[in-house]
Amino acid sequence: MGRIYLIRHAETDYNKFRRYAGKSDVPLNRTGRRQARSLSGVLRDERFDAIFSSPLRRARDTARFIAGRKKIIIEPDLREIDFGLWEGLRFEQIKKMFPREISLWLNRPLHTGIPGGESYSALKKRVMVFFNKVASGAADKTIAIVTHHGPIKAIIYETLRLNEDDFWNISIDSASVICVCQN
Numbered sequence: 002m003g004r005i006y007l008i009r010h011a012e013t014d015y016n017k018f019r020r021y022a023g024k025s026d027v028p029l030n031r032t033g034r035r036q037a038r039s040l041s042g043v044l045r046d047e048r049f050d051a052i053f054s055s056p057l058r059r060a061r062d063t064a065r066f067i068a069g070r071k072k073i074i075i076e077p078d079l080r081e082i083d084f085g086l087w088e089g090l091r092f093e094q095i096k097k098m099f100p101r102e103i104s105l106w107l108n109r110p111l112h113t114g115i116p117g118g119e120s121y122s123a124l125k126k127r128v129m130v131f132f133n134k135v136a137s138g139a140a141d142k143t144i145a146i147v148t149h150h151g152p153i154k155a156i157i158y159e160t161l162r163l164n165e166d167d168f169w170n171i172s173i174d175s176a177s178v179i180c181v182c183q184n
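All residue numbers for the sequence shown refer to this note's numbering, where the first residue is 2 and numbers rise by one.
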């Protein structure tokens, strides 16, 4: 049986202070480095056939803790959604600066683009092309995918065939691991 581990990167200061960090290449903070070290302990008995990572530093650094000496394959399609004009802002700031856009995004996230950024549909499309390719060749393999909240959410959303009403019910904490098993 194949197993694909979806691993969200460990904590950054952007996470800690609830700032939107899509394409921003922020590093792990002290807590994040501790979380990543802990993840390596939790996953130490897994023999990964491949480890894929987003090119963003927070994911790459988390993957390094997990990989040990194993090669990490950098996959650009695993990067986080581009938050455009919302990059680096906190939710309260976005509500003040972009009240109409955030309202649309909160009510119809699958059909609303982010000002100057990427739509969730575009994120989902690129992530699912990659994930389906990996999953189709992983019937008897153990794969690690180290990425971000948005890409993991897209994979869960699509895999479980959820509807838009369920979108905001999915939350993935920093340094969390979700195992997708397939026969």
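The beta-carbon is built from N, C-alpha and C at its ideal position, and this holds for glycine as well.
- Task: Only counting runs of 4 or more residues, tell me where the alpha helix (DSSP H) segments fall wholly within the stretch 55-101, in order along the chain.
- Result: Fully enclosed alpha helix (DSSP H) runs of 4 or longer: 58-68, 92-98.
- Leaving out the 5 sequence neighbours to the left and right, which residues in its chain are closer than 8 Å to R19 when beta-carbon positions are compared? Excluding five sequence positions before and after R19, the CB atoms of its chain that fall closer than 8 Å to its own CB belong to R91, F92, given in chain order.
- C-alpha gap between S137 and K97, whole angstroms: Taking the straight line from one Cα to the other gives about 44 Å.
- Query: What residues match up with I173 in a beta bridge as DSSP calls it?
  - Reply: In DSSP, I173 forms no bridge with anything.
- Minimum length 3: unbroken beta strand (DSSP E) runs contained in the stretch 2-37: Runs of the beta strand (DSSP E) inside the stretch 2-37: 3-9.
- Message: Just to check my reading of the structure: R61 and S54 have Cβ atoms closer than 8 Å, yes? What is that Cβ distance to the nearest angstrom?
- Response: Yes, they are in contact, since the Cβ atoms of R61 and S54 sit about 5 Å apart, within 8 Å.
- Measure the alpha-carbon distance for I115 versus K126 and round it to whole angstroms. Looking at the two C-alpha atoms, the distance is approximately 16 Å.
- Query: What is the C-beta distance between L79 and V135, in whole angstroms, given that I count them as a contact (C-beta under 8 Å)?
  - Reply: For L79 against V135, the beta-carbon gap comes to about 10 Å, at or over 8 Å, which does not count as contact.
- Could you tell me whether the stretch 154-173 touches the stretch 65-76, using the rule of 3 or more Cβ pairs below 8 Å? Judged by pairs of C-beta atoms under 8 Å, the stretch 154-173 does not touch the stretch 65-76, as fewer than three such pairs exist.
- Would you kindly report the start and end of the unbroken beta strand (DSSP E) that includes T160? No beta strand (DSSP E) contains T160, which is instead part of the alpha helix (DSSP H) from 150-160.
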